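Residue numbers (this note's numbering): 28 to 261.
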């Protein structure tokens with residue numbers, strides 16, 4: 028068998044934990060699963076995987092046990108992907124990473140990525156510019172479908188997220204927020220966008236430039252909405 032014949036094109040990994048019941052067990056599981064997940068992510072990028080799904084489900088409760096998580100343990104739960112390599116083959120990417128804090132890639136590009144889904148992720152402080160970069164045409168020039176679900180952008184400052192994606196056709200946002208209530212500003216520069224769904228996105232301001240938009244769903248309206256130069260106070 029040749030190396031090409033043995034290559035993995037579609038990779039799906041799901042690590043689902045029910046009620047751990049015991050703090051000691053959770054204390055072991057979360058840091059180890061975080062390290063393992065980080066290894067699988069690097070493997071997928073380095074081995075020309077075309078579809079990659081990674082789920083860590085059922086571990087977030089450990090991080091919220093008040094007063095029982097040390098600084099060293101918090102560091103062990105950080106998934107640092109700042110130096111993640113590029114992938115020219117990846118077309119579909121879905122990460123569901125509950126229970127970890129994620130540092131997004133700083134310079135990686137994904138030139139074939141069409142479908143991106145980020146779910147139940149707490150981002151490291153100051154990650155808004157990295158999130159904007161990740162979903163941009165400069166990083167993902169072929170991105171057509173983007174789903175952002177239950178993202179927490181950890182910072183004490185106001186958050187500005189820009190989605191500037193020329194090929195994007197469909198955008199779904201569900202529960203995106205910062206540490207403080209209503210401190211998020213979201214701007215869309217999406218000339219090809221057809222479908223926009225935003226539910227429970229606690230934004231102070233929303234700016235939309237999407238001249239080809241056909242379907243729009245907005246719940247929990249922001250204080251201000253700007254649509255191609257027109258401002259509406261909600």
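C-beta atoms are modelled at their ideal positions from N, C-alpha and C, and glycine is treated no differently. Please read all numbers here as calculations on a predicted model, not as lab measurements.
Practice task
Inspect the beta-carbon positions of residue 198 and residue 180 and report whether they are closer than 9 Å.
Solution key: Reading the chain shown from its first residue, position 171 is the one you call residue 198. Reading the chain shown from its first residue, position 153 is the one you call residue 180. Against a cut-off of 9 Å, the Cβ pair of residue 180 and residue 198 comes out as no contact.
Exercise for the section: With a 10 Å radius around its C-beta and 16 neighbouring C-beta atoms as the bar for buried, classify residue 130 as buried or exposed. Expected result: In the chain shown, counting from the first residue as 1, residue 130 sits at position 103. Buried, by the Cβ-count rule.
Handout entry: Whether residue 16 touches residue 173 by CB criterion (9 Å)
Key = Examination of residue 16 is not possible in this model, given that the chain is present from 28 through 261 alone.
Handout entry: Limits of the alpha helix (DSSP H) - the one that residue 155 falls within
Key = The residue given as residue 155 occupies position 128 in the chain shown. Here the alpha helix (DSSP H) through residue 155 covers 155–161.
Practice task
Take the Cβ of residue 239 as the centre, count every other Cβ of all protein chains shown within 10 Å, and call the residue buried at 16 or more, exposed below.
Solution key: On the chain shown, residue 239 is found 212 positions in, with the first residue counted as 1. That one is exposed.
Exercise for the section: Taking residue 145 as the reference, give the member of 220, 152, 128 with the closest Cα. Expected result: Within the chain shown, residue 145 is the residue found at index 118, counting from 1. Residue 145 has its Cα closest to that of 128, out of 220, 152, 128.
Handout entry: Beta-carbon contacts of residue 217 that lie in its chain and below 6 Å, excluding the five residues immediately before and after
Key = Here residue 217 corresponds to residue number 190 of the chain shown, with the count starting at 1. Contacts found: 192, 195, 237.
Exercise for the section: Provide the residue span of the beta strand (DSSP E) that contains residue 138, from first to last. Expected result: Locating residue 138 in the chain shown gives position 111, where the first residue counts as 1. From DSSP, residue 138 is part of no beta strand (DSSP E); its letter is neither H nor E.
Practice task
For residue 113, I'd like the list of residues in its chain whose CB is within less than 6 Å of its CB, leaving aside the five on either flank, ordered along the chain.
Solution key: On the chain shown, position 86 is the one that residue 113 refers to. Counting only Cβ-Cβ distances below 6 Å, and skipping sequence neighbours, we find 135, 136.
Handout entry: Cut-off 6 Å between Cβ atoms - residues of its own chain near residue 71, not counting five sequence neighbours on either side
Key = Residue 71 sits at position 44 when you count from the first residue of the chain shown. Answer for residue 71: 38, 79, listed in chain order.
Problem - 9 Å Cβ cutoff met for residue 119 and residue 84 - result: Position 92 of the chain shown holds residue 119. Position 57 of the chain shown holds residue 84. No; because the gap between Cβ atoms is not below 9 Å, this pair is not in contact.
Practice task
Put residue 119 into one of helix, strand or coil per three-state DSSP.
Solution key: Taking the first residue of the chain shown as 1, we reach residue 119 at position 92. For residue 119, the three-state secondary structure derived from DSSP is strand.
Handout entry: Identified DSSP bridge partners for residue 176
Key = Locating residue 176 in the chain shown gives position 149, counting from the first residue. 146, 201, per the DSSP bridge assignment.
Handout entry: Residues of its chain near residue 115, where Cβ-Cβ distance is below 7 Å and the 5 sequence neighbours each way are ignored
Key = To locate residue 115, count along the chain shown from 1; it is residue 88. Same-chain partners within the cutoff: 138, 139.
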